[in-house]
Amino acid sequence: MSSNSIGVWRSLVLATLVTQMVPQYVLACEVKVKHDDFKGHTVTYALGDPIGCGGNAFKLGLQRFQDKEGELSYQIFFFYHGENWRFIETGESLIVLADGTRLALTAAGTPTRNTGSGYVSENAMYEISLTVLRQLSTAMEVRLQLSCEKGGNMEGCFSEANKECLRTFLETYCASDKLPATPPSISGRPALNGDLHATTVAGKEVVLHANGTWEYSKPKAGQSVDSIGKKKGR
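Just so we're aligned, residue 892 is where the sequence shown starts under our numbering, counting upward by one.
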């Protein structure tokens, strides 16, 4: 299954869960944990308060996805509910400034859109690493810009309620989760605003991505992929 197909599938799981929310942490988040016996995955989904600083037409959402093999991934998403379509854009449509450090995130597939009696709703989901989520939870200021085709871009910031939702989600459901493994020769953490390039002991260049994955760099001219040892890890 392609990464785009996986993103669409997870978006559909998310859209289904939106209608099944039950409040467990009333002051911070509404949380739903659902296990699919047939597919073998478990989804933990938290829907928080509206975004602060003028972004209150959008609600913050968080998701922890565990597949049947036990592999974990994390998503952040935005749920819009209103009278008019905003058409949240695909591609690199979310910019986050965490204490001034810039992070650009790409939508996982096409945002889902639904209609109801007198309203419309949209969900846009973005893959994000546990490392970055933890960085956002400790940032003093988190500002957001979400690109929309209609009505102008959404700009806002994490309110105290948004921050509490993120902290509650991490402390309650992700406290024992391990950070992605990296090649042993790499020191430091991935930069929040991009990729960190390093070199292994063997002299091979490695790229550590902001989303927590790493891979050996692409082979140079005349060099085979096998000689580089291209690999991805989490």
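Idealized CB from N, CA, C, for every residue including glycine.
Suppose the cutoff is 7 Å on Cβ atoms and the five residues either side in sequence are ignored; what does the same chain contact list for residue i look like?
i       : result
Asp990  : Ala1030, Met1031, Glu1032
Gly973  : Ala948, Tyr1010, Val1011
Met976  : The sequence shown places Trp at residue 976, not Met. The residues are Val1011, Lys1041.
Asp1068 : Leu963, Leu1021
Considering just the uninterrupted stretch of the beta strand (DSSP E) at residue i, what are its terminal residues?
i       : result
Cys920  : Looking at the DSSP string, Cys920 is not in any beta strand (DSSP E), and its letter there is neither H nor E.
Tyr936  : 933-941
Ala995  : 992-996
Ser1053 : For the record, residue 1053 in the displayed sequence is Asn; it is not Ser. Looking at the DSSP string, Asn1053 is not in any beta strand (DSSP E); the run it does join, the alpha helix (DSSP H), is 1051-1064.
Arg1034 : 1033-1037
Ser964  : 963-973
Glu1004 : Rather than Glu, the amino acid found at residue 1004 in this sequence is Arg. Counting along the chain, the beta strand (DSSP E) containing Arg1004 begins and ends at 1003-1006.
Leu953  : 949-957
Gly945  : Segment: none, Gly945 is in no beta strand (DSSP E) and carries neither H nor E.
Considering only residues of the same chain and omitting the five flanking positions on each side of residue i, which have a CB-CB separation below 6 Å?
i       : result
Gln1036 : Ile986, Asn1044, Glu1046
Ser1050 : Gly943
Ala995  : Glu983, Ile986
Val924  : Thr935
Ser839  : This structure does not reach residue 839, given that the chain is present from 892 up to 1125, and the question cannot be answered.
Leu1057 : Ser1028
Is it right to say residue i is buried, meaning 16 or more other beta carbons lie within 10 angstroms of its own, or is it exposed?
i       : result
Leu951  : buried
Asn1014 : buried
Ala937  : buried
Ser1078 : Confidence is the limiting factor: at Ser1078 the pLDDT is only 42, short of 50, which leaves the residue's position unreliable, though a coordinate-based value still follows. It counts as exposed.
Thr992  : exposed
Leu1070 : exposed
Lys930  : exposed
Gly1113 : Legend: pLDDT at Gly1113 = 41, less than 50; position of this residue unreliable, value from coordinates given subsequently. When all chains shown are included, Gly1113 counts as exposed.
Ile967  : buried
The alpha helix (DSSP H) that contains residue i, what's its start and end?
i       : result
Thr1022 : 1021-1029
Looking at residue j and residue i, is the spacing between their C-beta atoms short of 8 Å?
i       : j       : result
Asp940  : Asn1053 : yes
Glu980  : Cys1039 : yes
Thr1006 : Cys920  : no
Lys959  : His932  : yes
Leu1061 : Ser1028 : yes
Lys1041 : Phe978  : yes
Leaving out five residues before and five after residue i in sequence, what residues of the same chain have Cβ atoms less than 8 Å from its Cβ?
i       : result
Tyr965  : Leu953, Gln954, Arg955, Phe956, Glu1018, Ile1019, Ser1020, Leu1021, Leu1024, Cys1065
Cys1048 : Ile942, Gly943, Cys944, Gly946, Glu1032, Val1033, Arg1034, Leu1035
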